[in-house]
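> Mind having a look at this structure? Questions to follow.
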Amino acid sequence: MPHRRYGRLVVGLSLVVGVGVATPQAASEDGVVTLDTGTVRGVRLDDEAGLWTFKGMPFASPPVGERRWQPPAPVAAWTGERAAEQFGPRCMQDSRPSLGGGIPPLSEDCLYLNVWTAAAPGERLPVMVWIHGGALTGGAGSGSSYDGSAMARRGVVLVTINYRLGPFGYLAHPLLTAESPQSASGNYGVLDQIAALEWVRRNIEAFGGDADRVTIFGESAGSWSVQTLLATPLAEGLFHRAIGESGGVLGSYGATPDLVTVEAEGERFGATLLRVDDPAEVTLAAMRAALAVDVMTTARTPEGRTRARPVVDGWVLTDTARAIFEGGRQHRVPVMVGWNADEGSLAVGRAPTDVAAYQTWARDTFGDKANAFLELYGGDTPSTAREAFLKAYSDQNFGWEMREWARLMGNVNQPAFLYHFSRVPPASTTGVYHGAEIRYVFDNLYAPGAQHEYTLLDGWVSGLMASYWVAFATTGNPNTADTPPWLAYTSLRHELLDFGDTGVHRFDFRKAELDFFDHYYAESADADQDEDDQ
């Protein structure tokens, strides 16, 4: 079992079994932890709270060279102490600030994770593993918004992870499928997340974490990933609760494509990368020898563009996430899910500028349901048409997704706690935008890198949310004696907790609008089934 060294106390028997096996032994207050692959030294952040951070710890071998587009491989053991003082590089992506802030260096060698802990010797605290967002094409676990110090002070061991992104994480190709013992390709980013959870399972006790109380949580594409991990049999037993913030893969927005479709995209990508006209001339050796920057450049071209989505490959995902959840085949764990009031701000650039364009969009999108949509959402002036479009975007791609996620957990008799975040950050020009809740959840409003001058009321909302999140990680239920009651969502009781200025229960919140998308997706599914039957 991995171990850590605190004080000058013997915290376990000194037992050396062999390479790759951690060995409890005598220790000192130097922030040294022995993992199953070697020893790391962390950084003390707060003497009074006993808060330590351990950054840039590898959970898989670098996925470079022959390991590019391969499942993650185990970390090679090392000798001596490894400094765990700096974040590892971000995985390859366009060089832009992530939702979490900051621009660390980029590298294919990026499979690292970070731990914050204030556990005392002998404690076994609940563990929270954060999966960052960024459309599966950007972001990193090192974002300043994701600093785990405040959460660790609240009594959890906080972990943030990296995973391969874009064409490095989600490229499928017939040659990769043929090479795979599982006849699968395209889910390398998901496999990285699973490898990180396996590392947590093996090592988190060394940091005072309880390997049997692990909560995965994520936002946007991180929430897609949480839902995907609920759906894959490969993650069985690696986590015990799940939190999704503003993202799901049940509808059309983040839907899981089939392998054949994504392989065809991969063939075009390979030919474009290697600058050949015939995809048959492509070899994996040549693709793996290409410069990482050329892989990224190719992914930005019309010919080489591929979708960054988990794929139904028959191994990681045996079916679409929707089919798995509808069939009650997802993992049986409690969930907490929700969305923000102005998620539609993501689509401001696509909003119709006049009523005619708005009505044309509605008819093109909803077909014979367009009149029902227009009656429900209105939009008979340019300003109200724009507002209706943005609200519909939010309802369809976020509100409906999260409510449906909560509803489908009833298929495995697991509680689902639904929330809505409506607190407008100070001076925000886009309302309660996508990702606005992250700093509130992490209790990081006043930490470095904050983009708003938060108020005392914001601090109160943040404290309330962090309390619920930590309580859920601790027991599987967000309720405590010190917080307002939060009832689980059911299909008979459409209740959620609204985190605004006061934190209130809302019954039947936007029910008519979300019900519209129930009917829309139900008819779409029926139409798809009719085509399959022909």
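In my numbering, the protein residues as written are -9 to 524. All C-beta atoms, glycine included, are put in the ideal place defined by N, C-alpha and C. Since we're looking at a predicted model, the values are computed, not measured.
From residue 404 to residue 101, what does the alpha carbon distance come to, in whole angstroms?
Residue numbering aside, residue 404 sits at position 414 when the sequence shown is read from its first letter. Residue numbering aside, residue 101 sits at position 111 when the sequence shown is read from its first letter. Cα to Cα, the separation comes out at about 32 Å.
> Is the beta carbon of residue 269 less than 7 Å from the beta carbon of residue 279?
One-based indexing of the sequence shown puts residue 269 at position 279. One-based indexing of the sequence shown puts residue 279 at position 289. Cβ atoms of residue 269 and residue 279: not closer than 7 Å.
> Just list the residues that DSSP pairs residue 546 with in beta bridges.
For the chain, the structure presents residues -9 to 524; residue 546 sits outside this window and is missing.
> Per DSSP, residue 233 forms a beta bridge with which residues?
The count along the sequence shown starts at 1 and reaches residue 233 at position 243. Paired residue(s): 207, 326.
> Where does residue 223 fall in DSSP's three states?
Taking the sequence shown and counting its residues from 1, one reaches residue 223 at position 233. Helix at residue 223.
> Determine the extent of the alpha helix (DSSP H) in which residue 279 is found, giving its start and end residues.
In the sequence shown, the residue the question calls residue 279 occupies position 289. Here the alpha helix (DSSP H) through residue 279 covers 274 to 279.
> Nearest CA to the CA of residue 97: which residue from 130, 118, 119?
Locating residue 97 in the sequence shown gives position 107, counting from the first residue. Closest by alpha carbon: 130.
> What would DSSP say about residue 157, mapped onto helix, strand or coil?
Numbered from its first residue, the sequence shown carries residue 157 at position 167. In this structure, residue 157 counts as helix in the three-state DSSP scheme.
> Which residues in the same chain as residue 314 place their Cβ atom closer than 6 Å to its Cβ, once the five residues preceding and following it in sequence are excluded?
Taking the first residue of the sequence shown as position 1, residue 314 is located at position 324. Same-chain partners within the cutoff: 221, 320.
> Let me know the secondary structure DSSP gives residue 13 once reduced to three states.
In the sequence shown, residue 13 corresponds to position 23, counting from 1. Model confidence at residue 13 stands at a pLDDT of 33, short of 50, so the residue's coordinates are unreliable and nothing is read from them.
> Drop a sphere of 10 angstroms on the beta-carbon of residue 18, count the other beta-carbons inside from all chains shown, and report buried for 16 or more, exposed for fewer.
One-based indexing of the sequence shown puts residue 18 at position 28. In this predicted model, residue 18 has a pLDDT of only 38, less than 50, meaning its place in the structure is not dependable; the value taken from the coordinates is given anyway. Under this definition residue 18 is an exposed residue.
> Short of 6 Å in beta carbon distance, which residues of its chain neighbour residue 20, apart from the five on each side in sequence? Order them along the chain.
In the sequence shown, the residue the question calls residue 20 occupies position 30. Correct list: empty, nothing qualifies.
> Determine the contact status of residue 212 and residue 123, defining contact as a CB-CB distance below 7 Å.
Position 222 of the sequence shown, counting from 1, holds the residue named residue 212. Position 133 of the sequence shown, counting from 1, holds the residue named residue 123. Yes, the pair counts as a contact, with Cβ atoms nearer than the cut-off.
> Which same chain residues end up closer than 6 Å to residue 412 when comparing Cβ atoms and leaving out the 5 residues on each side of it in sequence?
By 1-based counting over the sequence shown, the position of residue 412 is 422. Cβ within range, chain order: 331, 422, 488, 490.
> Specify, as a first and last residue, the run of the alpha helix (DSSP H) that residue 492 falls within.
Along the sequence shown, read from residue 1 onward, the residue named residue 492 stands at position 502. Careful: residue 492 lies outside any alpha helix (DSSP H) and carries neither H nor E.
> Check whether the Cβ atoms of residue 303 and residue 159 sit closer than 7 Å, and answer yes or no.
Looking up residue 303 in the sequence shown gives position 313. Looking up residue 159 in the sequence shown gives position 169. Not closer than 7 Å, so no.
> So residue 257 packs on residue 164, CB below 8 Å; how close in whole Å?
Here residue 257 refers to the residue found at position 267 of the sequence shown. Here residue 164 refers to the residue found at position 174 of the sequence shown. About 7 Å; that satisfies the 8 Å criterion.
> Within the continuous beta strand (DSSP E) that includes residue 116, where are the two ends?
The residue you call residue 116 lines up with position 126 of the sequence shown. 115 to 121 is the span of the beta strand (DSSP E), which, as asked, contains residue 116.
> So residue 225 and residue 184 are supposed to be a Cβ contact under 8 Å. How far apart are they, rounded?
For the purposes of this step, residue 225 is taken as the residue at position 235 of the sequence shown. For the purposes of this step, residue 184 is taken as the residue at position 194 of the sequence shown. Yes, residue 225 and residue 184 are in contact; Cβ-Cβ is about 5 Å, under 8 Å.
> With which residues is residue 311 paired in a DSSP beta bridge?
As a first step, residue 311 must be located in the sequence shown, where it is residue number 321. Answer by DSSP bridge pairing: none, since residue 311 is not bridged.
> In angstroms with no decimal places, state the Cα-to-Cα distance between residue 60 and residue 179.
In the sequence shown, the residue the question calls residue 60 occupies position 70. In the sequence shown, the residue the question calls residue 179 occupies position 189. The straight-line gap from Cα to Cα measures roughly 10 Å.
> Starting from residue 408, trace the beta strand (DSSP E) in both directions and tell me its first and last residue.
Taking the first residue of the sequence shown as position 1, residue 408 is located at position 418. 406 to 411 is the span of the beta strand (DSSP E), which, as asked, contains residue 408.
> Anyone know if the C-beta pair for residue 341 and residue 376 falls short of 7 Å?
Indexing the sequence shown from 1 puts residue 341 at position 351. Indexing the sequence shown from 1 puts residue 376 at position 386. Cβ distance < 7 Å, so residue 341 and residue 376 count as in contact.
> With distances taken Cα to Cα, identify the nearest neighbour of residue 174 among 228, 234, 58, 249.
In the sequence shown, the residue the question calls residue 174 occupies position 184. Per the Cα distances, 249.
> Please state the DSSP three-state secondary structure of residue -9.
Walking along the sequence shown from the start, residue -9 turns up at place 1. Any reading at residue -9 must be qualified, since the residue scores a pLDDT of 48, below 50, and its modelled position is unreliable; the value itself is stated next. DSSP places residue -9 in coil when its eight states are reduced to three.
> Given this structure, state the Cα-to-Cα distance separating residue 57 from residue 223, to the nearest angstrom.
Taking the first residue of the sequence shown as position 1, residue 57 is located at position 67. Taking the first residue of the sequence shown as position 1, residue 223 is located at position 233. Computed Cα separation, rounded: 23 Å.
> In the DSSP output, what is residue 107 paired with across the bridge?
Here residue 107 refers to the residue found at position 117 of the sequence shown. Its beta-bridge partners are 42.
> Between which two residues does the alpha helix (DSSP H) holding residue 285 run?
In the sequence shown, counting from the first residue as 1, residue 285 sits at position 295. Per DSSP, residue 285 belongs to the alpha helix (DSSP H) from 282 to 289.
> From residue 233 to residue 167, what distance separates their C-alpha atoms?
Within the sequence shown, numbered from 1, the residue matching residue 233 stands at position 243. Within the sequence shown, numbered from 1, the residue matching residue 167 stands at position 177. Distance between the alpha carbons of residue 233 and residue 167 is about 32 Å.
> Give the DSSP-derived three-state secondary structure of residue 429 in the structure shown.
As a working note, residue 429 is residue 439 in the sequence shown. The answer is helix: DSSP assigns residue 429 an H, G or I state.
> Nearest to residue 570 by CA position, among 378, 110, 497, 271, is which residue?
What is shown of the chain runs -9 to 524, which leaves residue 570 out entirely.
> Report the residue from 29, 352, 208, 285 whose alpha carbon sits nearest the alpha carbon of residue 74.
Counting from 1 along the sequence shown, the entry for residue 74 is found at position 84. Selected option, being the one with the closest Cα: 29.
> Beta strand (DSSP E) containing residue 151: first to last residue?
Position 161 of the sequence shown, counted from the first residue, corresponds to residue 151. Per DSSP, residue 151 belongs to the beta strand (DSSP E) from 147 to 151.
> Is it buried or exposed, residue 70, if we count other Cβ atoms within 10 angstroms and call 16 or more buried?
As a first step, residue 70 is located in the sequence shown; it is residue number 80 there, counting from the start. It is exposed - the Cβ of residue 70 has fewer than 16 other Cβ atoms within 10 Å.
> Measure the C-alpha to C-alpha separation of residue 199 and residue 68 and round it to an integer number of angstroms.
As a position in the sequence shown, residue 199 is number 209, starting the count at 1. As a position in the sequence shown, residue 68 is number 78, starting the count at 1. So the alpha carbons of these two residues sit roughly 23 Å apart.
> Quick one: what does DSSP say residue 477 is sitting in, helix, strand or coil?
Within the sequence shown, residue 477 is the residue found at index 487, counting from 1. Looking at residue 477 - three-state DSSP - the assignment turns out to be coil, as it is neither helix nor strand.
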